[in-house]
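Shown next, in structure tokens, is the structure this report addresses.
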Amino acid sequence: MNNWRKSSYSGPDDGNDCVEIANTPTRIAIRDSKAPTHGSLTFPAGAFAAFLDGVKTYSTVTDFARFRG
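For what it's worth, the working numbering labels the leading residue of the sequence shown as 193, then goes sequentially.
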């Protein structure tokens, strides 16, 4: 996957720190834009919606990062 893109909500006021996403017809991957070489999470396309439902309980990416350690 090499078509990584950032949220349109990421901008200069937040340091451009964001989660990036890339997708194919069968897989979706996400990674931290501050550390793109540190790996990514990859999901089957159908499982990504369940992942999003799970992270909606966190108010920020920082909250999610604290949760995952």
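Beta carbons are placed, not taken as given, at the ideal position from N, Cα and C, and that holds for glycine.
Computed from a predicted model, the values in this text were never measured in an experiment.
Exercise for review: Would you identify the three-state DSSP class for Thr234, choosing helix, strand or coil?
Suggested key: Of the three classes helix, strand and coil, the one that applies to Thr234 here is strand, per DSSP.
Would you give the residue range spanned by the beta strand (DSSP E) that Gly221 belongs to?
Note on residue identity: the sequence assigns Ala, not Gly, to residue 221. Membership of Ala221 in the beta strand (DSSP E) is indicated by the continuous run 219-224.
- Sequence-distant residues of its chain with Cβ nearer than 8 Å to Arg219 (five each side left out): Annotation for Arg219: Met193, Thr234, Phe235, Pro236, Ala237 place their beta carbon closer than 8 Å to its own, counting only its chain and skipping 5 residues before and after.
On the criterion of 16 or more Cβ atoms from any shown chain inside 10 Å, does Arg197 qualify as buried, or is it exposed?
Under this definition Arg197 is an exposed residue.
message: Quick check on DSSP: helix, strand or coil for Ala214?
response: DSSP places Ala214 in strand when its eight states are reduced to three.
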